[in-house]
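A.B. asks: Take a look at the following structure, please.
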Amino acid sequence: MSPAHPVYLETPRLLIRSLEDTDLDTVFDIYQDPDIQRFTPADPWQDRASALLWLERNRERTAAGTARQCVLIRREDQRLIGTCVLFRIDPTARSCELGYTLEQSARGYGYMNEALRVLINHAFDTTVLNRIEARISPDNAASAGVLKRLGFQQEGLLRQCSFFNGEIADSMIFGLLREDWRALAA
């Protein structure tokens, strides 16, 4: 997944593509949802300036090859319904982290599972990655369910290592190895 090659993936119901500047307003609206802010390990976006800083950081990380920020577009109505990102991409360690979010009205339909399945497959097929990990709030049962359905294994609890919803918090860490992913596909 070279930064020079944008991500463009398709599923029966979704398009998963690299973030574009024109996506910012919709992403900003999604990230304003208090439920999403509750589980986002970053400072809440207070205004458009915060969103623009996020966009600039994404550009820098993409150019450096350390992140791939994507959006999820529902095919039936061309609506941007969420985001997913591979970040802290480390070719030396052959690992990265996975993050994702989905607007409230799109939850419960399997969209995130569908999107991440294709993104993970793409990542393992086109890079040297051997491990993808995700850190989530212990209170985020829906996210834990998504990860488990994709074959991630809960590996532990990191005490007070994150900042969720304005507070220092624990994180559950999940990991997925290339060999585990291949075994699930077989």
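The opening residue of the sequence shown carries number 1 in UniProt numbering; numbering runs sequentially from there.
Ideal placement from N, C-alpha and C gives every residue a C-beta, glycine not left out.
1. Between A186 and H122, what straight-line distance do the alpha-carbon atoms span, to the nearest angstrom?
2. Residues in its own chain within less than 6 Å of F174 by CB, not counting five upstream and five downstream?
3. Can you tell me where the beta strand (DSSP E) holding E167 begins and where it ends?
4. In or out: C161 buried (at least 16 other Cβ within 10 Å) or exposed?
5. Is the segment 56-64 touching the segment 113-129, taking contact as three or more C-beta pairs under 8 Å?
6. Going by CA-CA distance only, name the one from I73, G166, L19, E97 that's closest to L86.
7. For the 8 Å Cβ check, are there 3 or more pairs between the segment 76-90 and the segment 36-55?
8. Tell me the residue span of the alpha helix (DSSP H) that contains F87.
9. Just to confirm my understanding: we take L136, look at its own chain, exclude 5 residues before and 5 after, and list those with CB closer than 8 Å. What are they?
10. Who pairs with G99 in a beta bridge, going by DSSP?
11. Going by DSSP, which residues form a beta bridge with residue 188?
12. Mapping DSSP to helix, strand and coil, what is R131?
13. Compute the Euclidean distance between the alpha carbons of M112 and R75, then round it to the nearest angstrom.
14. Would you give the residue range spanned by the alpha helix (DSSP H) that L147 belongs to?
15. Which value, in whole angstroms, describes the spacing of the CA atoms of I16 and T22?
16. Can you grab the Cα-Cα spacing for the pair L14 / D77, in whole Å?
17. Quickly, what does DSSP pair S50 with across the bridge? List them, please.
C.D. replies: So, to answer that:
1. 16 Å
2. A134, L147, F152, Q154
3. 167-177
4. exposed
5. no
6. E97
7. no
8. Looking at the DSSP string, F87 is not in any alpha helix (DSSP H); the run it does join, the beta strand (DSSP E), is 79-90.
9. Contrary to the premise, residue 136 reads as Ile rather than Leu in this sequence. Same-chain partners within the cutoff: F39, S143, A144, L147, S171, M172, F174.
10. V85
11. The structure shown does not extend to residue 188, since the chain is modelled only from 1 to 186, so the question has no answer here.
12. strand
13. 14 Å
14. 141-149
15. 15 Å
16. 10 Å
17. Paired residues: none, contrary to the question.
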